Amino acid sequence: MANELGEKARRRPSTSDLDEDEHGNSSRERILTAAGELFAEHGFNATPTSRIAERAEVPKGLIHYYFRRKQDLLAALVERLPEEEVESDLLVVRGDVEGSLRRLVSELDARLESSMLLSHVLWREADTHDAVRQAMQQRFGVVVDQIRRVIELALPPGMAGCDIEAAAMLLARVINHRHSVARHRTEDDELDREIGFIARALERGAGSPAVNSA
Numbered sequence: 011m012a013n014e015l016g017e018k019a020r021r022r023p024s025t026s027d028l029d030e031d032e033h034g035n036s037s038r039e040r041i042l043t044a045a046g047e048l049f050a051e052h053g054f055n056a057t058p059t060s061r062i063a064e065r066a067e068v069p070k071g072l073i074h075y076y077f078r079r080k081q082d083l084l085a086a087l088v089e090r091l092p093e094e095e096v097e098s099d100l101l102v103v104r105g106d107v108e109g110s111l112r113r114l115v116s117e118l119d120a121r122l123e124s125s126m127l128l129s130h131v132l133w134r135e136a137d138t139h140d141a142v143r144q145a146m147q148q149r150f151g152v153v154v155d156q157i158r159r160v161i162e163l164a165l166p167p168g169m170a171g172c173d174i175e176a177a178a179m180l181l182a183r184v185i186n187h188r189h190s191v192a193r194h195r196t197e198d199d200e201l202d203r204e205i206g207f208i209a210r211a212l213e214r215g216a217g218s219p220a221v222n223s224a
């Protein structure tokens with residue numbers, strides 16, 4: 011019993027371990043920042059917690075104080091991603107589907123740029139860790155919903171006959187791919203052409219016989 015209590019005491023972080031550094035970053039934040047950098051450099055499986063502790067400049071035991079399992083670091087990194095929710099109404103110009111979609115994509119790109127390293131880590135690990143994959147799938151659903159909303163608001167009143175759901179899914183997949191390779195993206199970006207193609211198809215569909223039959 012005494013040995014067990016002694017072991018718990020040795021594992022318990024001291025007050026100084028939990029203090030902020032000179033930049034105001036808590037130990038937990040330093041651990042997450044270090045983990046994100048190392049996962050991006052070497053991958054999740056090839057990064058031991060001892061290396062994370064070394065880069066974060068904290069005792070190794072402190073990592074297990076905050077994160078019971080190594081996978082919990084990934085879950086916490088997912089929570090660090092900026093929200094994908096965008097105020098669609100503020101981006102839309104009625105009758106300008108293409109311009110409205112471009113403004114939405116620009117806003118989503120800006121949020122990606124603010125967390126490029128983190129996004130790279132999560133895309134890299136999405137195929138091997140369920141928690142990350144589920145989080146990315148959920149975010150994909152949010153993007154689909156936002157694209158659908160922008161299209162519905164941008165199409166002229168009374169327009170029907172176009173497949174908004176298929177268009178939203180298609181564009182969301184293009185955006186997903188763009189973001190998954192963002193760190194390696196060249197200047198030859200085809201997303202603008204994809205947006206134009208989708209917008210023209212929607213506008214032609216909106217003028218289909220389903221509208222003119224009245």
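Start counting at 1 in the sequence shown, then tack on 10, and there's your number in the numbering used here.
We treat Cβ as the ideally placed atom computed from N, Cα and C, and that holds for glycine.
These numbers come from a predicted model, not from an experiment.
If contacts are defined as beta-carbon pairs under 8 Å, then residue i and residue j qualify, I think. What distance do you get, rounded to the angstrom?
| i | j | result |
| --- | --- | --- |
| D202 | A164 | The pair is not a contact, with the Cβ atoms about 17 Å apart (cut-off 8 Å). |
| A50 | V142 | No, A50 and V142 are not in contact; Cβ-Cβ is about 13 Å, not under 8 Å. |
| L114 | V96 | 6 Å |
| E67 | R40 | 7 Å |
CA-CA distance, residue i and residue j?
| i | j | result |
| --- | --- | --- |
| R78 | L100 | 42 Å |
| V160 | I174 | 10 Å |
| G46 | L128 | 6 Å |
| F207 | P166 | 18 Å |
| V184 | W133 | 15 Å |
| R90 | A176 | 30 Å |
| R214 | M179 | 18 Å |
| Q156 | G71 | 42 Å |
| N186 | S116 | 14 Å |
| L122 | Y76 | 27 Å |
| V153 | D137 | 20 Å |
| S98 | A145 | 22 Å |
Hey, could you find the ends of the alpha helix (DSSP H) residue i is sitting in?
| i | result |
| --- | --- |
| D155 | 140-164 |
| F54 | Neither: F54 is in no alpha helix (DSSP H) and is coded neither H nor E. |
| A85 | 80-90 |
| L72 | 70-76 |
Could you give the DSSP three-state label for residue i: helix, strand or coil?
| i | result |
| --- | --- |
| N186 | helix |
| A136 | coil |
| S129 | helix |
| G105 | coil |
| V115 | helix |
| S37 | helix |
| E64 | helix |
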